[in-house]
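At position 109 of the sequence shown the residue is numbered 109 (UniProt numbering), and the sequence of numbers has no breaks.
So the structure is just underneath, and the comments pick up after that.
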Amino acid sequence: MNAAPADQIRLLDLQALDSRLDQLAHRRRTLPEHAEIDKATADHNALKDLVVAAQAQLGDTTREQAKAEADVEQVRSRAARNQQRMDSGAVSPKDLENLQHENASLAKRQGDLEDIVLEVMERLESAQTRVVELTARLEHSSVVVAEAEGRRDAEFAEIDGQVEKVRRDREAIAHIIPADLMKSYLRLREQQGGVGAARLYQRRCEGCRTEFSITEFNAIKAEPADKVLRCENCGRILVRTGESGV
Ligand SMILES: [Zn+2]
Numbered sequence: 001m002n003a004a005p006a007d008q009i010r011l012l013d014l015q016a017l018d019s020r021l022d023q024l025a026h027r028r029r030t031l032p033e034h035a036e037i038d039k040a041t042a043d044h045n046a047l048k049d050l051v052v053a054a055q056a057q058l059g060d061t062t063r064e065q066a067k068a069e070a071d072v073e074q075v076r077s078r079a080a081r082n083q084q085r086m087d088s089g090a091v092s093p094k095d096l097e098n099l100q101h102e103n104a105s106l107a108k109r110q111g112d113l114e115d116i117v118l119e120v121m122e123r124l125e126s127a128q129t130r131v132v133e134l135t136a137r138l139e140h141s142s143v144v145v146a147e148a149e150g151r152r153d154a155e156f157a158e159i160d161g162q163v164e165k166v167r168r169d170r171e172a173i174a175h176i177i178p179a180d181l182m183k184s185y186l187r188l189r190e191q192q193g194g195v196g197a198a199r200l201y202q203r204r205c206e207g208c209r210t211e212f213s214i215t216e217f218n219a220i221k222a223e224p225a226d227k228v229l230r231c232e233n234c235g236r237i238l239v240r241t242g243e244s245g246v
């Protein structure tokens, strides 16, 4: 393949811009914010589950408290009805004895149930505290996620701005380079880890760093300037410039 030396040198400019685009894409993919957002989101989701569980616990305990209070009320009103009957004087001595006996057990039962109410209230308070604490942590975790996403988006905007500029520069060069040279470059770039064209500098291929022997170098020197050379070691297009010493 033949190409004007100026077009071969343009290929090196194109290569530099393509490498720059690769670096920017790599930076975009590997921003530390990605891992930070993943972790903060996982924390947020875990907290969300904890809040749901704590709210369910609070609901259960609230119902338990209502039940315990209703139990106390039931015993209290039964004892009050018994007391009314006793106070009315319209009961037989035997019934009076039975009612007194029943109210004595109801008083003991009420005491036991009131202990249960107190115990449930304590659990209710800690369930409420837990919901409040976890909800505050959940809100904070949303802020942490949003803050990291904000930094990531600012990085994206900065990188994308650079990408746009480099792409414009690239297009300006790419459309000048002959199609066959371009095609060969793109194929090699894909095969050779993103570098399809390399400069010959101080007897070295800058693509693979191989140093050519004097004999090989002399052979390169003997080639016409418009011949598109390939590195014998890595196969990349080897471009001679004013600094190549050829
Ligand atoms: Zn090479």
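Here a beta-carbon is modelled for each residue, glycine too, at the ideal position from N, C-alpha and C.
Measure from the C-beta of R240 to each C-beta in chain D and report whether the shortest distance is under 9 Å. Among the chains of the structure shown, chain D does not appear; only one protein chain is present.
Any residue with its Cβ nearer than 7 Å to a heavy atom of ligand 1 should be included. What is that list in chain order? A198, C205, G207, C208, T210, C231, N233, C234, R236, L238
Taking 6 Å as the limit between beta carbons, can you name the residues of its chain near G194, skipping five residues before and five after? D22
Compare the beta carbon distance of E102 and V72 with 9 Å and say whether it is the shorter of the two. no
On the premise that V75 lies in contact with Q110, defined as a C-beta separation below 8 Å, what is that separation, rounded to the nearest angstrom? 5 Å
With respect to the beta strand (DSSP E) encompassing A198, which residues constitute its N-terminal and C-terminal limits? 197-201
Start-end ranges of the beta strand (DSSP E) lying completely within the region 160-225, minimum 3 residues: 197-201
Using a Cβ-Cβ cut-off of 8 Å (strictly less than) and excluding sequence neighbours within five positions of V144, which residues of its own chain qualify? A40, D43, H44
My guess is that S141 and L47 are in contact by the Cβ rule of under 8 Å, so how many angstroms apart are they, rounded? 5 Å
Which residue from A219, A70, V163 puts its Cα closest to that of H26? V163
Rounded separation between Q202 and A179 - CA only: 29 Å
Between the CA atoms of R240 and C208 - distance to the nearest angstrom: 15 Å
Three-state class that DSSP yields for L31 in the structure shown: coil
Could you please give me the residues that DSSP links to I116 through a beta bridge? Note: I116 sits in no beta bridge, so no partner.
In three-state terms, what does DSSP make of R63? helix
Closer than 8 Å to a non-hydrogen atom of ligand 2 - does that hold for the CB of A225? This structure simply doesn't include ligand 2; it includes ligand 1 instead.
R199 and E206 - do their beta-carbons sit closer together than 9 Å? yes
Measuring alpha carbon to alpha carbon, tell me which residue in G235, K227, A54 is nearest L138. A54
Looking at C-alpha atoms only, which residue of P32, V131, A4, D38 is the closest neighbour of F156? P32
Name the two residues that bound the continuous beta strand (DSSP E) containing R240. 237-240
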